[in-house]
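One structure is given below, encoded as structure tokens.
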Amino acid sequence: RRKMAVPGAGEHPLQFNYSFWYSRRTPGRPASTQSYEQNIKQIGTFASVEQFWRFYSHMIRPGDLTGHSDFHLFKDGIKPMWEDDANKMGGKWIIRLRKGLASRCWENLILAILGEQFMVGEEICGAVVSVRFQEDIISIWNKTASDQATTARIRDTLRRVLNLPPNTIMEYKTHTDSIK
Amino acid sequence: GTRIIYDRKFLLDCRNSPLAR
Numbered sequence: 001r002r003k004m005a006v007p008g009a010g011e012h013p014l015q016f017n018y019s020f021w022y023s024r025r026t027p028g029r030p031a032s033t034q035s036y037e038q039n040i041k042q043i044g045t046f047a048s049v050e051q052f053w054r055f056y057s058h059m060i061r062p063g064d065l066t067g068h069s070d071f072h073l074f075k076d077g078i079k080p081m082w083e084d085d086a087n088k089m090g091g092k093w094i095i096r097l098r099k100g101l102a103s104r105c106w107e108n109l110i111l112a113i114l115g116e117q118f119m120v121g122e123e124i125c126g127a128v129v130s131v132r133f134q135e136d137i138i139s140i141w142n143k144t145a146s147d148q149a150t151t152a153r154i155r156d157t158l159r160r161v162l163n164l165p166p167n168t169i170m171e172y173k174t175h176t177d178s179i180k
Numbered sequence: 001g002t003r004i005i006y007d008r009k010f011l012l013d014c015r016n017s018p019l020a021r
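Quick note, the sequences are listed as chains A and B, same order. Take the first sequence: its position 63, counting from 1, is numbered 63 in my numbering, and each next residue is one higher. Take the second sequence: its position 15, counting from 1, is numbered 15 in my numbering, and each next residue is one higher.
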């Protein structure tokens with residue numbers, strides 16, 4: 001069993017513990033659930049601001065990744081998969097980014113999550129940055145897709161913390177729609 | 001209970017702490 005992460009002496013605790021994950025699609029293969037789970041690797045878990053920086057400072061910036069890759073930041077105990085109990089009734093806000101914006105947007109997004117800027121109780125599950133050929137995609141996942149007050153608040157906070165142009169298109173998708 | 005809230009600037013400042021290395 002994995003040891004639980006705890007803040008060290010003098011460190012600033014986070015409201016929740018989180019894990020970073022990394023996944024990379026093997027070119028040409030269909031993404032079945034099994035291969036998705038096999039392709040996703042947990043990088044590490046952290047409980048404090050300082051522990052977060054120790055991981056993050058050594059990670060490649062999303063804008064420097066090549067190929068079909070994703071970084072995931074999820075609360076400890078939640079797998080970055082639709083099938084996880086915390087996610088199965090949930091959904092995600094999706095923002096498509098032109099190339100060159102992913103690194104800055106991803107950093108602003110995860111700092112807002114870790115700092116509890118969304119003010120939606122326990123609703124946030126995690127976030128993903130997906131590096132693709134022509135554009136990059138960031139998404140933030142929450143527990144209850146049917147809770148419109150929560151999803152609206154997440155959308156408004158996203159606009160503020162990402163400092164997005166007013167015409168940026170944001171799309172909400174429930175995970176059950178994504179499975180279909 | 002209380003929530004532990006940090007703004008972006010505070011989190012970025014923590015990056016320079018020796019504990020963050």
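No residue lacks a Cβ here, since even glycine has one placed at the ideal position from N, Cα and C. Because the structure is a prediction, the values reported are computed rather than measured.
For residue i, the first and last residue of its enclosing beta strand (DSSP E)
| i | result |
| --- | --- |
| Tyr56(A) | Taken as a continuous stretch (DSSP letters only), Tyr56(A) belongs to no beta strand (DSSP E), being part of the alpha helix (DSSP H) at Val49 to Tyr56. |
Collapsed DSSP secondary structure at residue i in the structure displayed
| i | result |
| --- | --- |
| Lys180(A) | coil |
| His12(A) | coil |
| Leu73(A) | strand |
| Ser130(A) | strand |
| Tyr172(A) | strand |
| Ile113(A) | helix |
| Lys92(A) | strand |
| Arg104(A) | helix |
Cβ pair residue i, residue j closer than 7 Å
| i | j | result |
| --- | --- | --- |
| Ala86(A) | Cys125(A) | yes |
| Ser48(A) | Pro7(A) | yes |
| Asp76(A) | Tyr18(A) | yes |
| Arg155(A) | Trp93(A) | yes |
Beta-bridge partners of residue i, as assigned by DSSP
| i | result |
| --- | --- |
| Ser19(A) | Thr45(A) and Phe74(A) |
| Leu97(A) | Asp136(A) |
| Asn87(A) | Answer is none; Asn87(A) lacks a bridge partner. |
Start-to-end residues for the alpha helix (DSSP H) that takes in residue i
| i | result |
| --- | --- |
| Ile154(A) | Gln148 to Leu162 |
| Arg8(B) | Arg8 to Cys14 |
Check your understanding: Along the segment 13–29 of chain A, what residues have a CB closer than 8 Å to any CB found in chain B?
Key -> Using a CB distance below 8 Å, the part of the segment 13–29 of chain A facing chain B consists of Pro13, Leu14 and Gln15, ordered along the chain.
Point to revise | chain B contacts from the segment 32–61 of chain A (Cβ-Cβ distance under 9 Å) | key: Ser48, Val49, Glu50, Gln51, Phe52, Trp53, Arg54, Tyr56 and Ser57
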